[in-house]
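Here is the structure we will look at, set down as structure tokens.
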Amino acid sequence: MVLNEEMKDFSALASSRRSIRAYVDREIPADVLEAILADAATAPSWSNTRAFRVALATGERARRLRAEYVRLFDQSLEAQRNKDAAAAPKDQRSGLPDGDFPVWKRYPEEVRPAQIEVAKLLYGICGVERHDYEGRDRVNRRNVVAFDAPVMGFVFVHEEMLPWSAMDVGFMLQTLFLSAKSRGVDSCAVGLLSTWRSPVDDEFEVPEHYKLITGFALGYADAGAPVNSMAAPRPPIQLLEGK
Numbered sequence: 110m111v112l113n114e115e116m117k118d119f120s121a122l123a124s125s126r127r128s129i130r131a132y133v134d135r136e137i138p139a140d141v142l143e144a145i146l147a148d149a150a151t152a153p154s155w156s157n158t159r160a161f162r163v164a165l166a167t168g169e170r171a172r173r174l175r176a177e178y179v180r181l182f183d184q185s186l187e188a189q190r191n192k193d194a195a196a197a198p199k200d201q202r203s204g205l206p207d208g209d210f211p212v213w214k215r216y217p218e219e220v221r222p223a224q225i226e227v228a229k230l231l232y233g234i235c236g237v238e239r240h241d242y243e244g245r246d247r248v249n250r251r252n253v254v255a256f257d258a259p260v261m262g263f264v265f266v267h268e269e270m271l272p273w274s275a276m277d278v279g280f281m282l283q284t285l286f287l288s289a290k291s292r293g294v295d296s297c298a299v300g301l302l303s304t305w306r307s308p309v310d311d312e313f314e315v316p317e318h319y320k321l322i323t324g325f326a327l328g329y330a331d332a333g334a335p336v337n338s339m340a341a342p343r344p345p346i347q348l349l350e351g352k
């Protein structure tokens, strides 16, 4: 099939977007951010319900959130190595997850190889050996500060519209990330931010029935950071065989 120039441009854009884990100290201009959000609004949605909400933190609000997330992360380090602690009642969880979804849940065996592969790539490029737990904590701590990106994003889904509201978030975030990339703005989904909800509730008015499903980072990549040279595998879509 012969691709026209517009199709070639889209393929190049889609393949150029990667998860960026180090950002320079440079704000995203307001008009650029508005344009990215406008593009994200064009994503498809189940019955056009758009049953999700987005919170964006910048400046001083982002600094407060980073400080609180780091405090909670460090307070939970021992429990992170004892995943059974996450099953304790919420009122007994000092520093343990208070999020809406079980982020510490073990991955199904079918997909664990992919998780392990990307973890090895990330820790390897950061110079962290397998049993270097302090090194792993250092790498993971970067997630809860959204890698110091100028924009910290948080996405909430309507619990009574699951799983469709979560599906809509996937559509929206990919559209947002590609729009950002087309404007020279980099991104990374940061699921670890949904481990704790209380810091976000302290900063934003979240409507009833909306659950925190993920966070994300937006900003300009630090070209000199080794971690940004990491390229995760992109296997082809697995198509089911007909009966």
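Be aware that the sequence shown starts at 110, since it is given in my numbering, and climbs by one per residue.
Virtual Cβ for every residue (Gly too), placed ideally from N, Cα, C.
Just so it is clear, the structure is predicted and the values come from calculations on it, not from any experiment.
So, helix, strand or coil for residue i, using DSSP?
i: S120; result: helix
i: I322; result: strand
i: L142; result: helix
i: R250; result: helix
i: S156; result: helix
i: R162; result: strand
i: Y216; result: coil
i: V133; result: coil
i: V237; result: coil
i: G351; result: coil
i: D148; result: helix
i: A341; result: coil
i: L230; result: helix
i: I346; result: coil
i: A334; result: coil
i: P198; result: In this prediction, P198 has a pLDDT of 49, which is less than 50 and means its spatial position is unreliable; what the coordinates show is noted afterwards. Note: P198 maps to coil in three-state DSSP.
i: R306; result: coil
i: G208; result: coil
Check the DSSP bridge columns for residue i and list the partner residues they point to.
i: V260; result: L327
i: A298; result: F325
i: F313; result: Bridge partners of F313: none, in fact.
i: S128; result: S296
i: V266; result: F161, K320
Could you tell me the alpha carbon to alpha carbon distance between residue i and residue j, rounded to whole angstroms?
i: F118; j: E350; result: Correcting the residue type first, residue 118 is Asp in the shown sequence and not Phe. Cα to Cα, D118 sits roughly 31 angstroms from E350.
i: R135; j: I129; result: 15 angstroms
i: L122; j: A326; result: 18 angstroms
i: A332; j: R172; result: 23 angstroms
i: P153; j: A341; result: 27 angstroms
i: L146; j: K352; result: 43 angstroms
i: P138; j: H240; result: 42 angstroms
i: E269; j: E238; result: 43 angstroms
i: D209; j: Y319; result: 9 angstroms
i: R127; j: E317; result: 33 angstroms
i: L282; j: R175; result: 22 angstroms
i: V163; j: I346; result: 29 angstroms
i: L302; j: R245; result: 17 angstroms
i: K290; j: D140; result: 15 angstroms
i: T158; j: F313; result: 22 angstroms
i: A228; j: R292; result: 29 angstroms
i: F182; j: S124; result: 33 angstroms
i: L271; j: F161; result: 10 angstroms
i: R180; j: V248; result: 15 angstroms
i: T167; j: V260; result: 5 angstroms
i: L205; j: K214; result: 13 angstroms
i: I155; j: I225; result: Note on identity: in this sequence residue 155 is Trp, with Ile being the wrong assignment. If I take the Cα positions, the gap works out to 33 angstroms.
i: V220; j: Q184; result: 29 angstroms
i: D200; j: D207; result: Caution is warranted here: a pLDDT of 45 is assigned to D200, below 50, making its placement in the model unreliable, and the coordinate value is therefore given only provisionally. Their Cα atoms are separated by approximately 9 angstroms.
i: F256; j: M339; result: 15 angstroms
i: E187; j: Y232; result: 20 angstroms
Starting from residue i, trace the alpha helix (DSSP H) in both directions and tell me its first and last residue.
i: A275; result: 273-291
i: F182; result: 168-184
Write down the C-beta distance between residue i and residue j rounded to the nearest angstrom, noting that I regard them as a contact closer than 8 angstroms.
i: D295; j: Y242; result: In fact, because the Cβ distance is near 29 angstroms, the residues do not count as touching under 8 angstroms.
i: I234; j: P335; result: 6 angstroms
i: V264; j: V278; result: 5 angstroms
i: Y178; j: V254; result: 7 angstroms
i: G262; j: L165; result: 6 angstroms
i: L304; j: D148; result: Per the sequence shown, residue 304 should be read as Thr rather than Leu. Incorrect: roughly 29 angstroms between the Cβ atoms, too far for contact.
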